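Note that my numbering has the sequence shown beginning at 265, numbered continuously upward. All C-beta atoms in this analysis are idealised placements derived from N, C-alpha and C, irrespective of residue type, glycine included. All of these numbers come straight from a predicted model, not from anything done at the bench. Note sheet for the following structure.
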Amino acid sequence: MSDLCKFGTHRVIYPLGTLPQSAEKIDNQMVCYDNEILCEVETLNIDSASFTQIREACEDDYEKIEEMILDIVHTKGKLQNPITRSGGMFLGKIKAIGKNIKTEAKVGDHIASLVSLSLTPLVIDKIKRIDLDKDQIDIKGEAILFETGIFSKIPDDIPANIVLSALDVCGAPAQVNLLVKENDDVLILGAAGKSGVLCAYQAKKNAGKNGHVIGVVYSEKEKEELEKLEVCNHIIVGDARRPMNIYDQVIEINGSQVDVTINVVNVENTEMTSILPTKNDGTVYFFSMATSFTKAALGAEGIASEAKMIIGNGYTKDHSEFTLNILRESKEMYRLFKERYGKEK
Ligand SMILES: NC(=O)c1ccc[n+]([C@@H]2O[C@H](COP(=O)([O-])OP(=O)(O)OC[C@H]3O[C@@H](n4cnc5c(N)ncnc54)[C@H](OP(=O)(O)O)[C@@H]3O)[C@@H](O)[C@H]2O)c1
Numbered sequence: 265m266s267d268l269c270k271f272g273t274h275r276v277i278y279p280l281g282t283l284p285q286s287a288e289k290i291d292n293q294m295v296c297y298d299n300e301i302l303c304e305v306e307t308l309n310i311d312s313a314s315f316t317q318i319r320e321a322c323e324d325d326y327e328k329i330e331e332m333i334l335d336i337v338h339t340k341g342k343l344q345n346p347i348t349r350s351g352g353m354f355l356g357k358i359k360a361i362g363k364n365i366k367t368e369a370k371v372g373d374h375i376a377s378l379v380s381l382s383l384t385p386l387v388i389d390k391i392k393r394i395d396l397d398k399d400q401i402d403i404k405g406e407a408i409l410f411e412t413g414i415f416s417k418i419p420d421d422i423p424a425n426i427v428l429s430a431l432d433v434c435g436a437p438a439q440v441n442l443l444v445k446e447n448d449d450v451l452i453l454g455a456a457g458k459s460g461v462l463c464a465y466q467a468k469k470n471a472g473k474n475g476h477v478i479g480v481v482y483s484e485k486e487k488e489e490l491e492k493l494e495v496c497n498h499i500i501v502g503d504a505r506r507p508m509n510i511y512d513q514v515i516e517i518n519g520s521q522v523d524v525t526i527n528v529v530n531v532e533n534t535e536m537t538s539i540l541p542t543k544n545d546g547t548v549y550f551f552s553m554a555t556s557f558t559k560a561a562l563g564a565e566g567i568a569s570e571a572k573m574i575i576g577n578g579y580t581k582d583h584s585e586f587t588l589n590i591l592r593e594s595k596e597m598y599r600l601f602k603e604r605y606g607k608e609k
């Protein structure tokens, strides 16, 4: 094929002129062009907002979930949820490396992709197993990584399914490290989730002993799990879709609004619960894929908030190693990940 593009536009079927993430349909022929890497895929880690939407639409019926996922991939050439527009990432092995690709990786290396399935050419031959608890699906299939499609080799010291879960959200704790300063008060919505616990850990570390980390969780069970990590000064059990209720509780606990709010929930309508409790000169980091730009922008205007709002870019330099190091550093965090995402199949 001529006109190979490092961003993968040579695979866009329509609309022409778009990049693979925003394209409606991409070419998923499993041919390894010179600037691509072909991978055998073992497991798909579906983005939490996407999987939550799929589970709700299919009422947790395995057959319906399977049918919906196969239909999306057949229609679009990639696993991009048509509602949330998000994807996830995959675990697999390198099968072929195009001759123009400069990499130290070799055929046979075990890797996790670090670019979204919402832009990754994918073929699913068979769905072997759907794991509702881990948001993971074991498949027989293949995928293509473009020249700019970063990936991480699975290290020897952490099991692959734990690595996959952690790397799915590795942009979040790495960004928290850049955003949270010593003595900051930090609010985390969805603090007991996968990215929530990693963000809370990093926030506590950066804010230090005079900073405060307040986590919002959805259930008492999650509160117990989060308490064991000792990364939050306060934990609110509440609904992140109820802005006034959470705002009132934050003010009561903290005495003022917070400096930084991290939104890592997987449901819609949490924009104002993030903005209201944040200081006028504070920062809101929207990592959730269920975030609405319109609701955040117009909602902030509506309450005259000048808080800086950041879109949760999944990429931050060295984010994968940064996040795996949290698992290496904290025995409690590793234990939690092992319990939740590392169980034998
Ligand atoms: N920006 C990016 O590049 C990127 C990359 C990956 C993921 N994401 C997004 O990041 C978000 C978090 O992902 P994750 O993998 O960490 O998800 P997760 O493990 O499912 O965590 C989400 C947490 O939010 C909680 N939650 C749900 N509804 C709530 C409510 N109404 N009030 C309070 N808490 C509520 C969930 O509780 P329950 O379990 O009890 O429902 C869960 O603990 C998702 O939106 C995901 O799509 C973004």
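Mapping DSSP to helix, strand and coil, what is residue i?
| i | result |
| --- | --- |
| M353 | strand |
| K289 | strand |
| G435 | helix |
| C296 | coil |
| C463 | helix |
| N544 | strand |
| K572 | strand |
| G563 | helix |
| V495 | coil |
| F586 | helix |
| A250 | Residue 250 is absent from the structure shown; the chain starts at 265 and stops at 609. |
| I527 | The residue you asked about is not Ile; residue 527 is Asn in the sequence shown. Three-state result, N527: strand. |
| K473 | coil |
| A376 | strand |
| Y482 | coil |
| D389 | strand |
| L600 | helix |
| D395 | strand |
Sorted by chain position, which residues of the same chain lie with C-beta nearer than 7 Å to residue i's C-beta, five sequence neighbours on each side aside?
| i | result |
| --- | --- |
| N518 | D449, H476 and I478 |
| I510 | V480, I500, G502, A504, T537 and P541 |
| P385 | R275, I290, D291, N292, G341, K342, A407 and I408 |
| L268 | H274, Y297, D298 and N299 |
| E491 | I499 |
Return yes when at least one heavy atom of ligand 1 lies under 7 Å from the C-beta of residue i, else no.
| i | result |
| --- | --- |
| E323 | no |
| M553 | yes |
| L453 | yes |
| A430 | no |
| R275 | no |
| V379 | no |
| R349 | no |
| S459 | yes |
| E486 | yes |
| D311 | yes |
| G479 | no |
| Y278 | no |
| A467 | no |
| A560 | no |
| D611 | The shown model of the chain, from 265 to 609, leaves out residue 611, and the question about it has no answer. |
| Y482 | yes |
| V444 | no |
Tell me which residues share the same chain as residue i and place their Cβ nearer than 8 Å to its Cβ, disregarding the 5 neighbours each side in the sequence.
| i | result |
| --- | --- |
| I574 | Q439, L443, T547, V548, Y549 and F550 |
| D397 | R604 |
| K487 | A456, V481, I499 and V501 |
Could you check whether the Cβ of residue i sits closer than 7 Å to any heavy atom belonging to ligand 3?
| i | result |
| --- | --- |
| G606 | Of the ligands one can find in the structure shown, namely ligand 1, none is ligand 3. |
Near residue i, which residues of its chain fall below 6 Å by C-beta distance, leaving aside the five closest residues on each side in sequence?
| i | result |
| --- | --- |
| N497 | H476 and V477 |
Exercise. Quick one: complete beta strand (DSSP E) runs, 3+ long, within the stretch 397-459?
Worked result: 400-410, 415-417 and 449-453
Problem set entry | Whole runs of the alpha helix (DSSP H) within the stretch 295-341, excluding any shorter than 4 residues | 312-321 and 326-340
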